[in-house]
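Take the numbering used here: the final residue in the sequence shown is number 484, and no numbers are missing along the way. Yeah, the Cβ is synthetic: ideal placement off N, Cα and C, and Gly gets one too.
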Amino acid sequence: MNKVGLFVHSRWSAASRLAAQVTSFLDGRVDEVWQVSDWDDRAVGEHMPGTDLLICLGGDGTVLHAARAIIPHPVPVLGVNMGRLGFLAEVRPAELIERLPEVLAGRCRVEERAMLQAQVPSWGVTYQALNDVVVGRANVSRPVYVDVSIDGSRLAVLRCDALIIASATGSTAYSLSAGGPILHPESRDMVLTPVAPHLSSARPLVLGPGTTIDLRVNADKEATVAVDGQIDRALASGESVSVCRSPHVARFIRFSEPQDYYAMLAERLDWLRVVRSSDHPELFELNGIQTPK
């Protein structure tokens, strides 16, 4: 490994301090270390050629931004959880330095995550997303009307607060909060999840990796389109967004085995809390938790 980049949250002093420690550790172990702020996309693009590893110091939002910023360079990303949930991160700050030798020696695996591609024809603009693309209401007091087509076939006109198109990665984000299903992180499928739909028959849909979803804003209600919750622009009535699987992928450094994802999911979502507070000792045993004496 010759060249390592540090993608650092610009407003967290703890991230900057950790970046200094990482730089010191890597000195003499790799040929080059570069560091940029998490919002300096131009600098990222200049440094990426020849980079072997990108270390993200921040929260999940920092990793989301990094995944888009490094396109088209399929460089593995090591996320360091300095935020809250840390769904995309692999290590905590306290263990980063001790895990780096494993990465440098190749004693880890690389997990690929599918991304989304969104096009707004009237703008001539294409966006890449790791989590989701959301078309939602611009006015908090009024729902948005969205005409939904799947692979050219008209599906529905939905009156709702928003429509979420999520990747497998994004299935544990906004889509999950709106009642969408959780996909395995290495799935190439997508999820279409309505938020507070007026018709109770509207349900989340799991769509195949080759699907194209077209969302057109209907009636005279202005809407917005958001990409990974970080890019937000207004959509006028009649404008549409076309979403499909991206030709690009995000690649993440992992130390755990794929099956460990479910243990991580239970921990992040705190699904075992009910078990821990249960009066049934056999449930403790089934989940591998020792019953207090």
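- Under the three-state reduction of DSSP output, residue 302 falls in the strand class.
- Looking from the CA of residue 219, the closest CA among 275, 197 and 193 belongs to 193.
- Judged by DSSP in its simplified three-state form, residue 429 adopts coil rather than helix or strand.
- For residue 338, the uninterrupted beta strand (DSSP E) segment begins and ends at 335–341.
- Contact between residue 273 and residue 205 is confirmed by a C-beta separation of about 6 Å, below the 8 Å threshold.
- Note on residue 319: 16 or more other CB atoms within 10 angstroms of its CB, so buried under the neighbour-count rule.
- A direct Cα-Cα distance of roughly 5 Å separates residue 282 from residue 271.
- For residue 385, the enclosing beta strand (DSSP E) covers residues 381–386.
- One thing to note: residue 279 has its Cβ within 7 Å of the Cβ of residue 254.
- By the Cβ-count criterion, residue 336 is buried, with 16 or more other Cβ atoms from all chains shown falling within 10 Å of its own Cβ.
- Contact check for residue 398 and residue 419: beta-carbon distance about 19 Å, past the 8 Å limit, so the pair fails to qualify.
- Under the 10 Å beta carbon count, residue 317 is surrounded by fewer than 16 other beta carbons and is classified as exposed.
- Residue 261 carries a coil assignment under DSSP once its states are collapsed to helix, strand and coil.
- Under the DSSP definition of a beta bridge, residue 347 partners with 339.
- Following the DSSP letters along the chain, one finds residue 328 inside the beta strand (DSSP E) bounded by residues 323–328.
- Each residue's CA atom was taken as its position, placing residue 441 and residue 267 some 8 Å apart.
- DSSP places residue 226 inside the beta strand (DSSP E), whose first and last residues are 223–228.
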